[in-house]
Structure formats: structure tokens, C-alpha cells
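Residue numbers (the numbering used here): 54 to 519.
All C-beta atoms, glycine included, are put in the ideal place defined by N, C-alpha and C.
Have a look at the structure below before the remarks.
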């Protein structure tokens with residue numbers, strides 16, 4: 054049976070080849086053009102179908118979401134390509150490149166799709182004027198598109214896709230409220246004011262009922278009449294997040310560099326939010342607007358108002374990037390800092406919080422343990438080297454302290470007041486450096502070269518003063 058089919062196929066091709074052989078040169082060229090045109094037409098049609106997009110495995114969940122959504126009769130290119138023949142051609146060229154990447158295995162783990170406003174607002178889809186005019190109750194929040202369309206916040210233009218960019222359940226274009234919170238609650242680094250000047254009543258209606266909880270009755274209308282601030286009183290702590298971004302977040306995409314060009318937030322947002330479609334929360338993290346840890350008793354005690362900046366010295370040692378004398382020396386950069394070792398990676402032991410004090414305190418504090426070194430280093434590395442580093446550092450500290458005592462003795466018997474003043478200034482500088490090393494408390498473990506450099510600087514100050 055198979056042999057018969059092969060013979061039939063050969064006969065058809067043989068007949069076709071016979072026809073082509075007897076065609077004129079112009080006829081053959083015309084045939085090639087027709088075949089290529091037919092091939093391109095079929096290729097363009099096939100590659101424009103959602104099923105073709107779904108042939109790449111990272112698109113499966115997006116396809117399933119689209120298929121179950123209210124947009125399931127609208128093709129992928131209809132939304133993800135801006136109207137116009139030139140834009141369509143660009144999309145096809147880009148799609149061809151992505152197909153090649155898929156075939157050779159150069160496929161990422163996350164698809165970054167973008168829907169331009171022109172696609173949403175094209176004829177037959179959504180009408181901009183109608184959308185802007187509608188007042189929406191979104192999960193109890195009053196909302197209008199008119200207040201958002203085409204606005205720019207710190208370099209990021211508000212587009213349809215900025216908010217409607219996530220799929221959830223049967224919704225292919227659901228709104229992620231984290232985007233709302235990021236814009237409304239983050240503060241500008243330069244002014245310490247919110248990027249968007251709105252208050253609670255911009256989104257929330259004042260409750261018209263008296264709320265009872267336990268023996269407490271709360272009349273919101275009464276509080277509003279006092280011009281009381283919601284987020285500075287009862288709801289304090291329910292808006293969480295400042296605009297500070299840990300530089301380690303950048304290393305998720307960019308390679309490490311000791312120095313980089315500082316650019317303002319507007320340009321930064323334009324590059325990341327516009328060109329690369331980096332999500333707000335990828336850098337800023339989750340911005341909470343609800344009952345959070347801020348409602349706990351411990352948070353209400355505002356511990357940080359008194360107990361603040363308790364680890365500043367340790368932080369400055371660990372992340373030191375400049376030699377104390379100002380010379381260029383890359384050895385000052387701590388190896389643990391460069392390899393992103395966190396405090397909690399080494400501080401894994403538990404100790405009573407009272408330490409050597411006679412005052413009884415409850416709770417524990419996390420302390421460093423040499424055992425943690427084995428996660429990155431050979432066995433017994435910490436037990437052998439940490440005591441050695443600390444002993445050497447303490448010896449250098451003691452020697453420098455001894456020199457400082459002799460300097461003070463010299464100051465006490467110095468008759469020349471000008472010289473005594475000069476020596477006293479040097480002694481004060483050296484003492485600050487010695488106290489700083491002692492206050493760090495790690496005796497070189499946080500950053501051995503930086504600690505050594507501070508002690509050598511103190512030593513030089515004493516020597517040069519005489």
C-alpha cells in the first residue's frame with residue numbers, strides 16, 4: 054500500500070516537473086513568484102494565529118487565559134501590535150526573530166507582552182471618550198479613567214497596559230492593584246512627598262455609619278469634620294513603603310559595577326517602565342495598603358523612634374568602598390559584601406539578649422557563628438581563621454592604643470601650648486578611629502582590610518604628630 058502511494062506521489066511530481074520543463078523562462082519566473090507569494094501569504098496567516106503563539110511553551114498559560122477571557126475572539130496581533138501596515142510588518146519581523154530563538158532554544162522564562170493604547174482605542178474596540186466618562190466602583194474604590202489617561206508620573210506615562218497588564222483566572226487583562234499603590238503611595242526621593250498628590254477621600258467614601266468595635270465607637274464623619282488625617286492617626290501604618298530601592302535589586306538584571314552613572318528617577322522610569330516594560334514591583338517590591346504588620350502591638354510601640362541606627366557602624370564596615378586615607382585600593386571592598394552575603398547568612402546562632410548585664414531581659418539576639426562559613430568555605434575555615442583575624446586585629450589595636458597613651462603622657466608634660474594643642478588634636482583623631490573599630494565589635498570579620506586600614510591610619514596620625 055505504501056509502495057503504491059509513493060509511486061503515485063512520484064508520478065504527480067514527475068508530471069509537475071514535466072510541465073515546468075516545457076514552460077518558457079517568463080512562465081517559470083511567474084510560477085516561482087506565485088509559489089513564493091502563496092508561501093508568504095500562508096506563513097503570514099499561520100504565524101498570526103493565537104495557536105501559533107501557543108506553540109512556544111512559555112506562552113501556554115497566557116494562551117489559556119486569553120482563551121477563557123472576554124477577548125477570546127480577538128487575535129494576539131490585534132492587541133499586541135499598533136495599528137498600521139508598517140507596525141504590522143515590524144511585528145512580523147520581530148515574530149520571525151522570536152521563532153528562530155524558539156527553534157534554537159534561546160527562550161526566556163517570562164514573556165513580556167505590551168499592548169499599546171492605539172490598539173485598545175482603535176475603531177470597533179474601546180472608545181476613549183466613553184471610557185473616560187464612566188465612573189467605576191472597583192472593589193469599593195471610586196475610580197475614573199479620566200483622571201489617569203495620558204498622565205505622566207515620574208517619567209512613566211499612564212497607559213491602558215500599565216494597569217491592565219496581568220492575567221488572573223478568566224481575566225486576560227486584569228488590574229493588579231499593586232500598580233495603583235506604587236503610584237499613589239511612593240514618595241519622591243528628592244522631595245519626600247508622594248508622587249501623586251491624593252488623599253484617602255480621593256478613592257474612599259467617608260463611611261456613613263458609626264462603627265462599633267468593643268467599647269469603642271468611631272464616627273468617621275465626625276473625624277473628617279475635625280480635618281483629622283487618616284494615615285497619621287487610626288490608619289497609620291496601613292500605607293507602607295518609601296521609594297528607597299536596595300541596589301542589590303539592580304543586580305537581578307545588571308552585572309555588578311563598583312561605580313555607575315547616577316540618573317534621575319524620571320529617566321530611570323522612562324527607560325525601565327517604557328522601553329523594557331519592567332513592572333513597578335520588580336524594583337519597588339510589594340506596596341501594602343491594608344491591615345498589615347503595622348497593626349501589631351509591637352509596631353504601635355514605635356520602637357525605632359528610640360532604638361534607631363543601632364547597626365550603622367557595622368554597616369559602614371561591611372559595605373566600605375573607599376580607603377580611609379582616600380587612596381584607590383580595591384582590596385577595601387569586603388569579599389562577603391561583593392558576593393552578597395547577608396547579615397543573616399552568618400548570624401545564625403541565638404544568645405540571651407542581656408549578655409553580660411545583670412539586668413534580666415527576655416528574648417534572644419542573633420549572633421554570628423563560625424559554623425556558617427562552611428556554606429561557602431572548606432570545613433573548619435571559620436574556626437581556624439576567625440580567631441586568627443580577631444587576635445591580629447586586637448594586637449594591632451592594643452599596640453596603637455599603647456602609643457596613644459604615651460602620646461597623652463607627652464601632652465601632659467608639654468610646655469609649648471601650640472604643640473600641645475596639635476598633639477591633642479592628633480590624639481583625638483586616633484581615639485575616634487580606635488573607638489570605631491571597637492564599636493564595630495567584629496574585630497576584622499566584617500571587613501578585615503578596612504579594619505586594618507583604620508588602625509594603620511590611627512597609627513600614622515600618632516607617628517606624624519611627633
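Contact under 8 Å by Cβ, residue i with residue j
| i | j | result |
| --- | --- | --- |
| residue 476 | residue 467 | yes |
| residue 168 | residue 233 | no |
| residue 34 | residue 122 | With the chain covering 54 to 519 only, the question about residue 34 has no answer from this structure. |
| residue 199 | residue 185 | yes |
| residue 514 | residue 465 | no |
| residue 322 | residue 202 | no |
| residue 385 | residue 376 | yes |
| residue 76 | residue 84 | yes |
| residue 378 | residue 510 | yes |
| residue 230 | residue 334 | no |
| residue 421 | residue 400 | yes |
| residue 438 | residue 505 | no |
| residue 576 | residue 145 | Residue 576 cannot be examined here, being either before or after the span of the chain that is shown, 54 to 519. |
| residue 484 | residue 457 | yes |
| residue 130 | residue 177 | no |
First through last residue of the beta strand (DSSP E) which encompasses residue i
| i | result |
| --- | --- |
| residue 230 | Not the beta strand (DSSP E): residue 230 falls in the alpha helix (DSSP H), residues 230-238. |
| residue 405 | 402-405 |
| residue 167 | Taken as a continuous stretch (DSSP letters only), residue 167 belongs to no beta strand (DSSP E), as it is neither H nor E. |
| residue 190 | 188-191 |
| residue 265 | 264-266 |
| residue 270 | 269-271 |
Run of the alpha helix (DSSP H) containing residue i, from where it starts to where it stops
| i | result |
| --- | --- |
| residue 488 | 470-493 |
| residue 179 | Looking at the DSSP string, residue 179 is not in any alpha helix (DSSP H), and its letter there is neither H nor E. |
| residue 368 | 365-371 |
| residue 129 | 129-133 |
| residue 391 | 388-391 |
| residue 453 | 434-466 |
| residue 145 | 138-157 |
| residue 120 | 113-121 |
| residue 103 | 103-106 |
| residue 333 | 333-337 |
| residue 318 | 318-322 |
Option in the options with minimal Cα separation from residue i
| i | options | result |
| --- | --- | --- |
| residue 390 | 187, 500 and 406 | 500 |
| residue 132 | 124, 138 and 139 | 124 |
| residue 307 | 325, 317, 319 and 318 | 325 |
| residue 282 | 253, 264 and 257 | 253 |
| residue 419 | 434, 430, 437 and 396 | 396 |
| residue 262 | 271, 255 and 256 | 271 |
| residue 255 | 237, 264, 245 and 246 | 237 |
| residue 22 | 366, 374 and 428 | This structure cannot settle anything about residue 22, because the visible part of the chain is limited to 54 through 519. |
| residue 204 | 229, 249 and 128 | 249 |
| residue 402 | 506, 138, 387 and 423 | 423 |
| residue 486 | 503, 276 and 139 | 503 |
| residue 127 | 469, 103 and 301 | 103 |
| residue 508 | 145, 173 and 370 | 370 |
| residue 299 | 175, 492 and 337 | 337 |
| residue 332 | 166, 116, 93 and 119 | 166 |
| residue 175 | 137, 432, 517 and 260 | 137 |
| residue 273 | 266, 284 and 260 | 260 |
| residue 206 | 362, 287, 519 and 251 | 251 |
| residue 534 | 427, 142 and 432 | In the structure displayed, the chain extends from 54 to 519; residue 534 sits before or after that span and is not available. |
| residue 453 | 491, 109 and 301 | 491 |
Cross-strand partners of residue i (DSSP beta bridge)
| i | result |
| --- | --- |
| residue 194 | 191 |
| residue 420 | 402 |
| residue 514 | DSSP output for residue 514 lists no bridge partner at all. |
| residue 206 | 209 |
| residue 227 | 219 |
| residue 247 | 240 |
Cβ contact (3+ pairs, closer than 8 Å) linking the stretch 482-501 and the stretch 438-446: Of all C-beta pairs linking the stretch 482-501 to the stretch 438-446, three or more are shorter than 8 Å, placing the two stretches in contact.
The stretch 330-342 contacting the stretch 240-249, beta-carbon criterion three pairs below 8 Å: The stretch 330-342 vs the stretch 240-249: no contact.
Three CB pairs or more closer than 8 Å across the stretch 137-154 and the stretch 175-195: The stretch 137-154 makes no contact with the stretch 175-195, as fewer than three CB pairs between them are under 8 Å.
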